[in-house]
Structures are given as structure tokens and as C-alpha cells.
Amino acid sequence: SCLVYSALGQLMGRYDKMHLFDVQLEHGETYGESEYTVPGDVPLSVEALDTCLGITICYDMRFPELYRDLASRGAEVFTVPSAFTVATGEAHWEVLLRARAIENLAMVIAPAQEGTHVGGRKTYGHSMIVSPWGEILAQQRFGSGVILAELDLARLRQQRDEFPALSHRRLPDSLD
28 SCLVYSALGQ LMGRYDKMHL FDVQLEHGET YGESEYTVPG DVPLSVEALD
78 TCLGITICYD MRFPELYRDL ASRGAEVFTV PSAFTVATGE AHWEVLLRAR
128 AIENLAMVIA PAQEGTHVGG RKTYGHSMIV SPWGEILAQQ RFGSGVILAE
178 LDLARLRQQR DEFPALSHRR LPDSLD
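Residue numbers (the numbering used here): 28 to 203.
See below:
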């Protein structure tokens, strides 16, 4: 779950991860989040800091329809706290973050765990902030640290006006 608090400490919302990581990777890595977690079923967008935040968690990133739903609710900034495995992180982390940003003309803020955990599980790290144009604005490649980037909301809104892809979306009848 991800809890969102205001600057004054008021709880603004709770998001329960909708997509659970139940996979068997190469080299025998097995993950079964559904063994100890119940998935959520309600997306969360929150008005804060002069924008609308779309809250997601980790494996949710592989489901673009969730991000499109949040964008249709007004989300301009997505948060994606994550614990990608090293194998999936090396292959997909940057590509997925940049894709979600570009597809929705949104900022993506993705803090990520890095290191070796109890039992030997290794997480990829590479916390990242991505612009609506897919540019990596900040990244923590290895180890712990803090990354910062200016979230230029005026530029984001200008890009959405100039390139209104969100309003051009059409679905086949089979997806309505």
C-alpha cells in the first residue's frame, strides 16, 4: 500500500497495489505476492502541490491502462515506488518508466529499492524522474541517495496542449 499525506500530516489517500507480482523468472526466482497480499481494485489520484498525482506501485507499471485511467482523471504526475528484481530491472525498468511518461504526457517519479535483502533477494534500484517527453531528469544509478528534478508543470501543460494525444485516443469496439 502507498499512503499519501499532506504537508500538514493529513492522510489524503491510500492506494493498494492492484497488480500483484506472481511470477517465476529464469534461474529459479519465484515471487508470489498474492500469497500474502490482497490486491486493491480502486485507482488513486490525489490533488496536491498544484497538480494531480496518480499513485501506483511497482508491478502496476506493466499495465498501461491503469496509467491512462489516471491520466483521464487529471493525473499529471505518476509516482511508482518499486522493488524491481535485478533481472527485470536491467531489462525493463527504464523502458517502462519512459513509456508511461510518453504515453500519458506525464511526469514519472519512481523511487526504487536497491540492494540485497533477507533471503538473498536482490533489487535493482535506479530511482528515476522522467519528463513527459521521456527524458531522464534525474537518476540514482547505484546505492542510496536523493535525486531532485524540477517538475515544470507549465511546460507539461503546454506539451499536452501542443501534442493532444490523450484526446486522440480511439478504442476498437472490442475494448469499449
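For every residue, glycine included, the Cβ atom is placed at its ideal position computed from N, Cα and C.
inquiry  = Which residue marks the beginning of the beta strand (DSSP E) containing arginine 168, and which one marks its end?
reply    = It is not in any beta strand (DSSP E) - arginine 168 carries neither H nor E in the DSSP assignment.
key: Where aspartate 49 falls, given that 16 or more other Cβ within 10 Å makes a residue buried   = So aspartate 49 counts as exposed.
key: alpha helix (DSSP H) segments (min. 4 residues) lying fully within the segment 49-105   = 91-99
query = DSSP state of isoleucine 156, grouped into three classes?
reply = Here isoleucine 156 carries a strand assignment [DSSP, helix/strand/coil].
query = According to the Cβ coordinates, are lysine 44 and glycine 81 closer than 8 Å?
reply = For lysine 44 and glycine 81, no; Cβs fall outside 8 Å.
query = Short check: CB of phenylalanine 105 to CB of alanine 133, under 8 Å?
reply = yes
task = For threonine 57, count neighbouring C-beta atoms within 10 Å of its own C-beta (all shown protein chains included) and say buried if the count is 16 or more, exposed if not.
result = exposed
message = Going by DSSP in three states, arginine 206 sits in which element: helix, strand or coil?
response = What is shown of the chain runs 28 to 203, which leaves residue 206 out entirely.
query = Using the beta-carbon count (16 or more within 10 Å), is leucine 97 buried or exposed?
reply = buried
Element boundaries [alpha helix (DSSP H), containing valine 122] = Looking at the DSSP string, the run of the alpha helix (DSSP H) that includes valine 122 is 121-131.
query = Excluding five sequence neighbours on each side, which residues of the same chain lie with their C-beta closer than 7 Å to the C-beta of tyrosine 32?
reply = Closer than 7 Å at Cβ, skipping near neighbours: Leu38, Met39.
ask   = Just to confirm, are serine 72 and alanine 102 a CB contact at a threshold of 8 Å?
value = yes
ask   = Can you tell me whether DSSP reads serine 109 as helix, strand or coil?
value = strand
message = Tell me the rounded alpha-carbon separation between valine 173 and serine 201.
response = 44 Å
request  = Consult DSSP for glycine 36 and reduce its assignment to one of helix, strand or coil.
outcome  = coil
request  = Pick helix, strand or coil for alanine 139, following the three-state DSSP scheme.
outcome  = DSSP places alanine 139 in the strand class (E or B) of the three-state scheme.
inquiry  = Please report the straight-line C-alpha distance between glutamate 162 and arginine 125, rounded to a whole angstrom.
reply    = 7 Å
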